[in-house]
Amino acid sequence: MTKIDDRDWLLKAIDLSRRCPLSQKAFCVGAIIIGAKGDLISTGFSRERNPREHAEETAINKAIEQRTDLTAATIYTSLEPCSPRLSGSKSCTDLIIDCGIKRVVFALYEPPVFVACNGADRLREHRIEVVVMAEFAELVEEINKPVCAEK
């Protein structure tokens, strides 16, 4: 992928996060999975199908339901994939590692509102390429301002 492609897909993921049902207990996140040839595989946003499901989790589950091979895919997510989860569910970082996604692009490191996240570091430890496009962090912060302001 080129930087222009990364920019466009990440902005689309950020736009998806605006569709999240509001919650005082969780971030609004959008995620898009793109195949090696630049084809759209799946999308997801927080609480799209289940009040406890994260954006990356939704996008990955949709791809798995379609029996799509994700081993050469890139996931674009507005916020750093979670590592620990208060719910005890498998983290988005673990889901990404387990399904074989090789590249993760996001805009904002997860603020320490709920947990101390180390998703990006864990992904790198598993030799997954991590690209942080911090130039879009303010957009994600603005979308999540109500959650961050409450803490």
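In my numbering, the protein residues as written are -17 to 133. By construction, the Cβ of each residue, glycine as well, lies at the ideal position given by its N, Cα and C atoms.
query = Nearest CA to the CA of Gly26: which residue from Glu39, Gly17 and Gly20?
reply = Glu39
Of the listed residues Leu90, Ile42, Ala13 and Ser28, nearest to Leu4 (C-alpha basis) = Ser28
query = Do you know whose CA, among Pro94, Ala116, Val114 and Glu35, lies nearest Leu77's CA?
reply = Comparing C-alpha distances from Leu77 to each of Pro94, Ala116, Val114 and Glu35 shows the shortest one belongs to Glu35.
query = Can you tell me whether Cys130 is buried or exposed, with buried defined as 16 or more other CB within 10 angstroms of its CB?
reply = exposed
request  = Taking only the alpha-carbon atoms, compute the straight-line gap between Pro33 and Cys10 and give it to the nearest angstrom.
outcome  = 12 Å
query = How should Ile16 be labelled, buried or exposed, when 16 other C-beta atoms within 10 angstroms of its C-beta is the threshold for buried?
reply = buried
inquiry  = Between which residues of its own chain and Lys133 is the CB-CB distance below 7 Å, once the five residues before and five after are set aside?
reply    = Note on Lys133: pLDDT 47, under 50, position unreliable in the model; the coordinate value appears next. The residues are Val95.
key: Candidates Lys84, Arg104, Asn126 and Thr56: closest to Ser24 by CA position   = Thr56
ask   = If you compare alpha carbons, which of Gln48, Ala102 and Arg106 is closest to Leu90?
value = Closest by alpha carbon: Ala102.
task = Note down, one range per segment and in chain order, each beta strand (DSSP E) of at least 3 residues found wholly within the stretch 42 to 91.
result = Counting whole runs of 3 or more residues, the stretch 42 to 91 contains the beta strand (DSSP E) stretches 56 to 61 and 85 to 90.
request  = Please list, in chain order, all residues of the same chain as Val87 whose beta carbon is under 6 Å from its beta carbon, the five residues on each side excluded.
outcome  = Excluding the 5 residues flanking it on each side, Val87 has same chain C-beta neighbours closer than 6 Å at Asp(-12), Leu(-8), Tyr58 and Val113, in chain order.
ask   = So which of Pro63, Gly82 and Cys2 has the shortest CA-CA distance to Glu30?
value = Cys2
key: CA-to-CA distance, Ala41 to Arg0, given in whole angstroms   = Distance from the CA of Arg0 to the CA of Ala41, rounded to the nearest whole angstrom, comes to 16 Å.
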